[in-house]
Amino acid sequence: MRKILLILVIFSITSCAELQQVVNSLPQDGGVLSNADIGAGLRQALDFGIDKQVTKLTQADGFYKNELVKILLPEELRKVDKTLRDIGLNKLADEGIKALNRAAEDAVKEATPIFVDAVKGITFNDAKNILLGEDNAATQYLETRTNAALYSKFNPVIKKSFSKVGADQIWTNLITKYNSMPLVNDVNPDLTDYVTNEALKGVYTMIAVEEKEIRTKVGSRTTDLLRKVFVLQDGR
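Going letter by letter, the sequence shown gives residues -17 to -1, 1 to 219 in mature numbering (1 follows the signal peptide of the UniProt record, and there is no 0).
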């Protein structure tokens, strides 16, 4: 009996240590999935994230009423918000926050093709380890490889959207009102930069939501490729 238990313990330890090797050679439909196959599956999962989750951000209140990604005020403007509310200008303060989120919603709608192209161009050099990683490992990889380039493309879109939805005028009026008050320090924040970063963060957050769905719910794997690839990470 002791020998049997000892064998089981050794087998368990060995199995954990060799999990990567087992996955690397696990056959699917009579063959072995290559790094390219797994990379294609990861790209498809990210595409689904854009198609099913990021598009929600482009709708009215897509950012504003989504607590996962709602854009709040930057630190230096929270005193502006508090001061305006303290003197009864709650509506003006609310309009300021809503304007930031409206700009992000409009910009993501225009910039969605940028994210689609980014996913198409990404190369998963270590696809198997990403597959076996955290529930948002592919999204994290996408972010590290695309964030700087996407920022440069996304920033002018945000600036244009600020004007399109009237956020620039709202914030000009709001900050002018605040700066005209006695005993306050003038503020002049770069809201375009701030909203650009927050909007990008929101996009990656929603892509990660879909990636997790595909990783944890078999029913979300709606194509043969997703089923073949993500079965490899089940039970990791």
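C-beta: ideal position from N, C-alpha, C; glycine also.
If you check the CB distance, K142 and T175 come in under 8 Å. Relative to K200, the option among M189, T188, Y177, D217 whose CA is nearest is D217. Per DSSP, F107 lies in no alpha helix (DSSP H) segment and is marked neither H nor E. At a Cβ-Cβ threshold of 8 Å, N130 and L183 count as neighbours.
DSSP places R210 inside the alpha helix (DSSP H), whose first and last residues are 207 to 213. Contact annotation: the region 112 to 121 does not touch the region 149 to 169, with fewer than three C-beta pairs closer than 8 Å. Contact check for A23 against L208 passes: the beta carbons are separated by less than 8 Å. Contact between R128 and I97 is absent: CB atoms are separated by about 14 Å, not below the 8 Å threshold. The residues A82, L83, R85, A86, in chain order, have a CB closer than 7 Å to that of A150 in the same chain once the five nearest residues on each side in sequence are set aside. Across the structure, F31 and E193 are spaced so that their CA atoms are roughly 7 Å apart.
A direct Cα-Cα distance of roughly 42 Å separates D20 from P57. Assignment of Y124 by DSSP, reduced to helix, strand and coil, places it in the helix class.
Spatial neighbours of E126 in its own chain (CB-CB distance under 6 Å, excluding positions within 5 residues in sequence) are listed in chain order as Y187. K65 and N162 have their alpha carbons spaced roughly 14 Å apart.
Out of V15, V37, D89, the CA that lies nearest to the CA of A43 is found in D89. In this structure L29 is in contact with V102, their Cβ atoms being roughly 5 Å apart against a cut-off of 8 Å. In the displayed model, G71 falls within coil according to three-state DSSP, outside both helix and strand.
The residue among F46, L67, G45, R26 with its C-alpha nearest the C-alpha of P165 is L67. The three-state secondary structure of R204, taken from DSSP, is coil.
Burial is judged here by how many other beta carbons sit within 10 angstroms of a residue's own beta carbon; S144 has at least 16 and is buried.
Ranked by how close their Cα comes to the Cα of A132, the residues Q152, N156, T179 have T179 in first place. Secondary structure remark: continuous alpha helix (DSSP H) runs of at least 4 residues inside the region 21 to 82, in chain order: 58 to 69. Cβ contact annotation for F137 (same chain, cutoff 8 Å, sequence separation greater than five): A90, A94, I97, T179, A182, L183, in chain order. Each of I158, K111, K195, M189 was checked against the Cα of I33, and the nearest Cα belongs to M189.
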